[in-house]
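What follows is a short report on a single structure.
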Ligand SMILES: Nc1ncnc2c1ncn2[C@@H]1O[C@H](COP(=O)(O)OP(=O)(O)OP(=O)(O)O)[C@@H](O)[C@H]1O
Ligand SMILES: [Mg+2]
């Protein structure tokens, strides 16, 4: 059984159709990329997976539960890293982590382990308001991992990160995925997809243009980029 199953999902904002009857299955343990030009519907898709947005039609099942009928059953299964880091600027890094550990009902023992994992152990006592964007991004990843989610959902996690942070982030994702965590990420970087993901879906103006293994998406094209341009060529 797929761990994520989206069936005929449509999302409208007023009269604008952001997602048009999208169906997609993601198996447990896969690392899956959602690709597409600006405005294609990637963030909308991952926000519905995070139960932050309700589809206008269709269903989203996560770990066998309907995401909107039983959201409480699935919230503990997912960790979300989005543009909004969901961090408190006037709390220190460690205090932010402790706050979320309490919220998730998990012990504080993982706080320092995770701060170390994302290379922030020396900044644990700094106010998050003083952090750079990349440091906030690192802390946001650590926060999303506190409750050891089965599924990690990331919206453009590599955007704006320096080379070291990106390496740290790639290594963390790969390690989690190797250990069984299902990863769903959106990105504009195809090298990120080739390094981190086994499968992908390509959206264009709300419609699913392709999905499958990277080789399946490549098809007869020589590179993933050629295939992507062919699938989304009409955009902009
Ligand atoms: N809250 C909202 N209200 C109205 N329209 C929205 C809302 N959120 C998204 N949209 C529209 O839905 C479409 C898809 O937006 P979305 O943010 O999902 O795109 P995206 O693929 O993530 O793009 P990007 O690569 O720029 O992040 C866009 O046309 C956008 O304007
Ligand atoms: Mg987006």
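Residue numbers (the numbering used here): 898 to 1133.
Every residue, glycine too, gets a C-beta built ideally from N, C-alpha and C.
Owing to the predicted nature of the structure, the values given are computational and were not obtained by experimental measurement.
Sheet register partners of residue 1099 (DSSP bridge) = To locate residue 1099, count along the chain shown from 1; it is residue 202. Partner(s): 932 and 1107.
Classify residue 1061 as buried or exposed, calling it buried when 16 or more other Cβ atoms lie within 10 Å of its own Cβ.
-> Residue 1061 sits at position 164 when you count from the first residue of the chain shown. With fewer than 16 other Cβ atoms within 10 Å, it is exposed.
Element boundaries [alpha helix (DSSP H), containing residue 944] | The residue given as residue 944 occupies position 47 in the chain shown. Residue 944 -> alpha helix (DSSP H) spans 939 to 946.
Nearest-angstrom Cα distance between residue 918 and residue 1006?
-> To locate residue 918, count along the chain shown from 1; it is residue 21. To locate residue 1006, count along the chain shown from 1; it is residue 109. Taking the straight line from one Cα to the other gives about 43 Å.
Inter-residue spacing [alpha-carbon to alpha-carbon] between residue 1021 and residue 989 | Residue mapping note: residue 1021 aligns to position 124 of the chain shown, counting from 1. Residue mapping note: residue 989 aligns to position 92 of the chain shown, counting from 1. Approximately 7 Å between the Cα atoms of the pair.
What is the DSSP secondary structure of residue 1026, reduced to helix, strand or coil?
-> Your numbering for residue 1026 matches position 129 in the chain shown. In this structure, residue 1026 counts as helix in the three-state DSSP scheme.
Nearest candidate by alpha-carbon position, reference residue 1040, set 1078, 1000, 928 and 934 = Along the chain shown, one-based indexing puts residue 1040 at 143. Comparing Cα-Cα distances from residue 1040 to each of 1078, 1000, 928 and 934, the minimum goes to 1000.
Best match in 1016, 927, 1130 and 1114 for proximity to residue 1034 [C-alpha to C-alpha] = Numbered from 1 along the chain shown, position 137 holds the residue referred to as residue 1034. Ranking 1016, 927, 1130 and 1114 by Cα distance to residue 1034 puts 1016 first.
With DSSP as the reference, label residue 1132 as helix, strand or coil.
-> Your numbering for residue 1132 matches position 235 in the chain shown. With a pLDDT of 46 at residue 1132, under the threshold of 50, the modelled position of this residue cannot be trusted; read the value that follows with caution. Look at residue 1132 here: in three-state DSSP terms it is coil, with no helix or strand label.
Measuring CA to CA, which of 1050, 941 and 1046 is closest to residue 1100?
-> Against the chain shown, residue 1100 aligns to sequence position 203. Closest option to residue 1100, Cα to Cα, is 941.
Nonlocal neighbours in the same chain, by C-beta distance under 7 Å from residue 924, ignoring five residues either side | Here the question's residue 924 lines up with position 27 in the chain shown. Cβ within range, chain order: 899 and 900.
Buried versus exposed call for residue 953 [16 or more other C-beta atoms within 10 Å across all chains shown] | Counted from its first residue, the chain shown places residue 953 at position 56. Exposed, by the Cβ-count rule.
How is residue 1121 classed by DSSP in three states: helix, strand or coil?
-> Walking along the chain shown from the start, residue 1121 turns up at place 224. In this structure, residue 1121 counts as helix in the three-state DSSP scheme.
Any heavy atom of ligand 1 closer than 7 Å to the CB of residue 933?
-> For this step, residue 933 is matched to residue 36 along the chain shown. Yes, ligand 1 has a heavy atom inside 7 Å of this Cβ.
Over what stretch of residues does the beta strand (DSSP E) that includes residue 915 continue unbroken?
-> Translated into positions along the chain shown, residue 915 becomes position 18. 913 to 923 is the span of the beta strand (DSSP E), which, as asked, contains residue 915.
Three-state secondary structure (DSSP) of residue 974 = Here residue 974 refers to the residue found at position 77 of the chain shown. Residue 974 falls in the coil class under three-state DSSP.
Closest Cα partner of residue 1112 within the set 1049, 907, 1047 and 1098 | Your numbering for residue 1112 matches position 215 in the chain shown. Of 1049, 907, 1047 and 1098, the residue nearest in Cα terms is 1098.
Inter-stretch contact (C-beta, 8 Å, three-pair minimum) for the segment 1037 to 1053 and the segment 902 to 917 | no
What residue from 1130, 1104, 1120 and 1114 has the CA that sits closest to residue 914's CA?
-> Counted from its first residue, the chain shown places residue 914 at position 17. The shortest Cα separation from residue 914 among 1130, 1104, 1120 and 1114 belongs to 1104.
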